[in-house]
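For reference, the structure discussed in these notes is given below.
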Amino acid sequence: MQQFSGVGVSAGRVVGPIRQMPGSVAEPAAGVVVPADVNVAEQGQRIKDAAKAVKAELLARAASLAGEGKEVLEATALMAADPMLVKSAIKLLSPDAPGGARTAERAIWEAGDGVAEKLKALGGYMAERVADVLDVRARIVSELRGLPAPGIPVSDTPFILAAEDLAPADTATLDPAKVIGLITSSGGPQSHTAILARALGLPAIVAAPGVDEIADGTEVYIDGAAGSITVEPGAELLAAAAAWSAQASTFSTFSGANTLADGFAVPLLANVGTGSDALKAAEAGAEGVGLLRTEFCFLDRAEEPTVDEQIAAYGAVFAAFPGKKVVVRTLDAGADKPLPFLTNADEPNPALGVRGYRTDLTSPGVLERQLQAIAAAEAAHTAEVWVMAPMISTAEEAADFASLCAAAGLKTPGVMVEVPSAALTAATVLREVSFASLGTNDLTQYAMAADRQLGPLAALNNPWQPAVLQLVKLTADGAALASSTTGLPKPVGVCGEAAADPALAVVLVGLGVTTLSMSARALAAVSAVLKTVTLDQTRHLAFTALAAPSATEARAAVRAGLPILDELGL
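Going by this note's numbering, 1208 is the number at position 68 of the sequence shown; the sequence numbering is gapless.
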């Protein structure tokens, strides 16, 4: 049996025939001599019209979706009309362009290359958007040629989709009734493919070299938790897939009240970005919101949204959780999420630059207006609103943020622990605020010096790394030392991707984490595992993970102590 290995990004065990993603749009020929009498203005208008048509088509598809799929398509549609892309292409139509005039198709092709190179240079999240730009480029070329853009294969029967990578416009409109699993040879754990696969609940594996060359129709078995792909599986693996299918229904719903086997409560919250996300999370049983990503109100804008616009956006989330906790993260701009009115795109090392809370140093007023909007939205609803700042590094910064919250009338300030210094000094940092939330995605990348968007660094960029787990423990220990007037440890949550891993969720509870926040779809699976262990057992498994010499061994040791994971295919 031929096997492939990659990074598992969404759990599940399925068997099905492979269907390969159709080949990409053929590159327009270079060096084509453009006749001297070609009307440059008309060709430029063709490019503008094609870009508008692609934007309209993507927005039309987005209108039929909700949640992350809708947001991804809307963001991709904006790329189609990106003035930098269109203007760069039109310049290449001129006989005065370096190398001479290009055809419209060749011009948009080369312009797309230029934009993609700029995004690569930015690194991080922006580098992951290179695939989005190249997808938009291909769609515009297809429109110019009068041909349909490539898309998901059509099939009468369910199949496992294989590709080098998937464009967000394709991933966002997958039909889970037909596509039962995803495997790609490239991509990273935070690519759009990975994010949307998790949102759809599709077993998925990325960064598995060679899978884009498996012949169409070949039967394969994929284990999305283990990151393994087996060609022409035997009876044992066929039985494992059948067992997973039978067990999946046991954790398809969440009761809305999570406890361990001994009755110890560990609330499970949801990560959301919009009001529609919040409604879906509430329907899924989330006990509140552990992370409201407020940057969705700011992205793709040339100027800061008004206070009234922000009040409406936050209020839509608060309305979905009356009387329940909603943790709001203030604007996390910079590095992988640059904003033209707030951040400097020319920073030599943006991941270590002016981002998150630090933007208040260079653009004072934006944070204060956001806090005013959050307070006004809170006053209009009954949700219990907590507010935290990202990229806090010192106790002095935590104290400053707490004073800003107090001035706005917000009673529960907190900090994101993403920078190792905040974890190492958690006892002093948490004396200044009411709570902490661990952003394990960034905490891992900073602790391991490994860009979290890069597939080749997936082994380093793994929250199971013992060094990362030690930082989680230090934060929880610091919360106990910085106890409130009640004498109880200050609350410490986790809102990074680590919380959605059922095995790692057990370890996090054992390390002292008090709440877990994740995508709504992960709630039921995490609860199904947590309800099988006692608090003492979580502590024992956490100690086992801390004592392991590597991430691989930590994960294997914990999984060996949780047989329920194999039973559920998690």
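Yeah, the Cβ is synthetic: ideal placement off N, Cα and C, and Gly gets one too. Everything numeric in this text was worked out from a predicted model, so none of it was measured.
- In the DSSP assignment, LYS1227 falls outside any beta strand (DSSP E) and lies within the alpha helix (DSSP H) extending over 1223-1231.
- SER1543 is classed as exposed because its beta carbon has fewer than 16 other beta carbons within 10 Å across all chains shown.
- Taking the C-beta atoms as reference points, VAL1351 is found nearer than 8 Å to THR1324.
- When DSSP states are grouped into helix, strand and coil, ALA1302 belongs to the strand group.
- With contacts defined by Cβ atoms closer than 8 Å, ALA1247 and ILE1187 form a contacting pair.
- The criterion of a C-beta distance shorter than 8 Å is satisfied by LEU1578 and THR1615.
- Exclusion of the five residues before and after ARG1469 leaves LEU1431, LEU1432, ARG1433, THR1434, MET1528, PRO1530 and MET1556 as the residues of its chain whose Cβ lies within less than 7 Å of its Cβ.
- Cα atoms of ILE1230 and GLY1184: separation of roughly 5 Å, rounded to the nearest angstrom.
- With three or more CB-CB distances shorter than 8 Å, the region 1443-1451 counts as touching the region 1499-1517.
- Annotation note: the region 1529-1585 contains the following uninterrupted beta strand (DSSP E) runs of length 3 or greater, listed N- to C-terminal: 1553-1557 and 1575-1578.
- For the options LEU1336, ALA1460, THR1414 and LEU1400, the alpha carbon positioned closest to that of GLY1425 is the one of ALA1460.
- When DSSP states are grouped into helix, strand and coil, MET1141 belongs to the coil group.
- If the five residues before and after ALA1380 are omitted, its C-beta is found closer than 6 Å to the C-beta atoms of ARG1153, all from its own chain and listed in chain order.
- Residue environment for GLY1636: buried (at least 16 other C-beta atoms within 10 angstroms of its C-beta).
- For GLU1283, the uninterrupted alpha helix (DSSP H) segment begins and ends at 1270-1285.
- Secondary structure of VAL1360 (DSSP, three-state): strand.
- Annotated as proximal: ALA1645 and LEU1670, with beta-carbon spacing under 8 Å.
- Here GLY1701 has LEU1681 as same chain residues with Cβ atoms under 6 Å from its own Cβ, once five neighbours each way along the sequence are excluded.
- Around the beta carbon of PRO1223, fewer than 16 other beta carbons lie within 10 angstroms, which makes this residue exposed.
- Contiguous alpha helix (DSSP H) elements confined to the region 1617-1705 occur at 1642-1650, 1663-1670, 1675-1687 and 1691-1700, taking only those with 4 or more residues.
- Its chain contains GLY1148, ALA1151 and LEU1710 as the residues whose beta carbon lies nearer than 6 Å to that of ALA1365, once the 5 sequence neighbours on both sides are disregarded; these appear in chain order.
- For VAL1346 against GLY1146, the beta-carbon gap comes to about 6 Å, under 8 Å, which counts as contact.
- In the three-state reduction of the DSSP assignment, PRO1293 falls in the coil class, being assigned neither a helical nor a strand state.
- Taking GLU1537 as the centre and dropping the five residues before and after it, the same chain places the C-beta of TYR1497 closer than 7 Å to its C-beta, in chain order.
- Our two residues, VAL1371 and LEU1301, have alpha carbons roughly 14 Å apart in a direct line.
- Counting along the chain, no beta strand (DSSP E) covers GLY1374, and no H or E run does either.
- In the three-state reduction of the DSSP assignment, SER1150 falls in the strand class, which pools E and B.
- A residue is called buried once 16 or more other Cβ atoms fall within 10 Å of its Cβ, and LYS1630 is buried on that count.
- Contact annotation: ALA1566 and ALA1619 have beta-carbon atoms nearer than 8 Å.
- If you ignore the 5 residues before and after GLU1167, its C-beta comes within less than 8 Å of the C-beta of TRP1249, all in its own chain and listed in chain order.
- Under DSSP, VAL1319 shares a beta bridge with PHE1299.
- The shortest C-alpha to C-alpha distance from PRO1293 to any of PRO1162, GLY1455 and ALA1660 is the one to PRO1162.
- By the C-beta density criterion, VAL1178 is exposed, having fewer than 16 other C-beta atoms within 10 angstroms.
- DSSP places ILE1345 in the uninterrupted beta strand (DSSP E) bounded by 1344-1346.
- ALA1548 and GLU1524 have their alpha carbons spaced roughly 16 Å apart.
- Less than 8 Å divides the Cβ of LYS1195 from the Cβ of ALA1220.
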